[in-house]
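The structure under discussion appears below in the form of structure tokens.
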Amino acid sequence: MNELYPIVSGALSGLAAAGALKGPIESLTQIWTLTLGRFPDDAYQKYKIKQAANLEKYANEVKSGIEKIPEENIQEPKMSVVGPALEASKFYIEEDEIRGMFAKLIASSMDKTQSINIHPSFVEIIKVLSPLDAKNLYFLYHDGDETISKIRVTNKENGIYTDHFNHIFLGNPECQDNNLIEFSIDNLIRLKLVDVSYSKYKSDDSLYDKHRENELFLKFKTEQEELQQSLTTLLNSLLNSGLLTDTDSNAPLPASLQENYLNLKQVVQEKEIKVVKGIIQLTAFGKNFCKVCL
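Quick note: the sequence shown, position 116, residue 116 per full-length UniProt numbering, numbers continuous.
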């Protein structure tokens with residue numbers, strides 16, 4: 001038997017002391033052996049020590065989850081959930097957040113009260129989450145900060161606007177890099193775990209103060225205002241110096257140059273730079289996923 005099996009059996013066997021747990025724990029151990037325990041030793045030679053430590057953490061995380069389930073709610077683990085979960089998890093055992101979600105899913109599959117919340121697709125969902133995705137879900141689920149924003153620059157004369165920095169989510173205190181956050185939120189939307197809307201928002205406007213005071217917004221606003229001031233100065237210089245006409249004939253410059261001038265004039269039209277308020281919420285599917293896996 002694989003040399004890592006004693007780690008697993010040792011971690012889980014302590015749970016089998018009570019009669020009601022014996023059958024379910026034995027079933028889980030057998031499924032574990034069929035998946036994580038079936039590989040030849042030479043496949044683990046390079047990472048043997050590291051993998052053994054990670055596998056022990058994994059087994060203990062599963063054990064910890066099972067210990068929290070009242071004995072009367074313990075049930076046989078469903079092979080359709082536990083089998084795919086263990087099979088898939090061997091590729092993610094080094095990533096704490098992802099491994100932890102697999103452990104929670106396995107433990108939840110043995111809890112009668114969680115049966116209604118578990119969906120077979122949860123295994124596939126976990127597989128395509130990054131550690132940052134998991135963290136964003138965790139903080140959204142546990143802390144409930146549903147505010148999100150983007151930055152909009154609007155031309156005050158014609159109302160045309162452009163949006164910048166979508167999905168500014170400040171609810172994750174461990175990551176404030178919007179390049180990473182935006183990509184993560186897009187993935188959570190793609191997986192139907194969250195919904196994001198900018199047509200509705202929280203009624204308490206003060207909840208968005210942190211978005212207006214966010215360094216990303218303040219820096220962008222300052223840069224845009226400085227750019228507009230520089231372009232305005234340049235435009236005024238062109239007008240006042242007569243550079244828009246031929247100095248010899250006093251005739252207008254070619255149409256192409258005149259067009260460049262008009263484009264520049266449009267660029268320096270007064271702009272409004274503001275935070276667009278939005279809301280990010282877990283979907284019904286996302287809520288069940290979080291109940292089971294977080």
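Don't be surprised by glycine CBs; every beta carbon is placed ideally from N, CA and C.
I'd like the list of long-range same chain contacts for residue i, defined as Cβ closer than 7 Å, with 5 residues on each side in sequence excluded.
i	result
Phe122	Leu105, Phe289, Val292, Cys293
Ser197	Gly278, Ile279
Thr113	Asn73
Glu272	Thr154, Lys156
Lys202	Glu146, Thr147, Ile279
Thr162	Val153
Asn187	Asp133
For residue i, count the other beta carbons within 10 Å of its own beta carbon; 16 or more makes it buried, fewer makes it exposed. Which is it?
i	result
Ile185	buried
Glu61	buried
Asp133	buried
Gln30	exposed
Arg190	exposed
Ile151	buried
Leu28	buried
Just confirm the distance between the C-beta atoms of residue i and residue j, as a whole number of angstroms; I'd bet it's less than 8 Å.
i	j	result
Ile168	Leu216	7 Å
Gln281	Asp205	Contact flag wrong, Cβ pair sits at about 18 Å.
Leu193	Gly286	4 Å
His142	Phe220	Actually they do not touch by this definition, with Cβ atoms about 30 Å apart.
Note down, in chain order, each residue of its chain lying with its Cβ closer than 6 Å to the Cβ of residue i, except the 5 sequence neighbours on either side.
i	result
Asn172	Lys135, Asn136, Phe139
Ala107	Val62, Gly65, Ile66
Asp111	Ile69, Asn73
residue 295	Absent from the structure is residue 295, since the part of the chain shown begins at 1 and ends at 294.
Can the beta-carbon of residue i be found closer than 7 Å to that of residue j?
i	j	result
Thr35	Glu87	yes
Leu170	Lys210	yes
Ser115	Pro77	no
Glu182	Asn166	yes
Met101	Ile126	yes
Pro131	Glu97	yes
Ser80	Val276	no
Kindly list the residues whose CB is nearer than 8 Å to the CB of residue i, restricted to its own chain and excluding five residues on each side of it in sequence; keep chain order.
i	result
Glu225	Ile273
Subject >> Uninterrupted alpha helix (DSSP H) stretches inside the segment 87-139 (no shorter than 4 residues) >> reply: 96-108, 122-127
**OP:** At 4 residues or longer, and completely inside the segment 155-207: list those alpha helix (DSSP H) runs for me, N to C.
**Re:** 178-190
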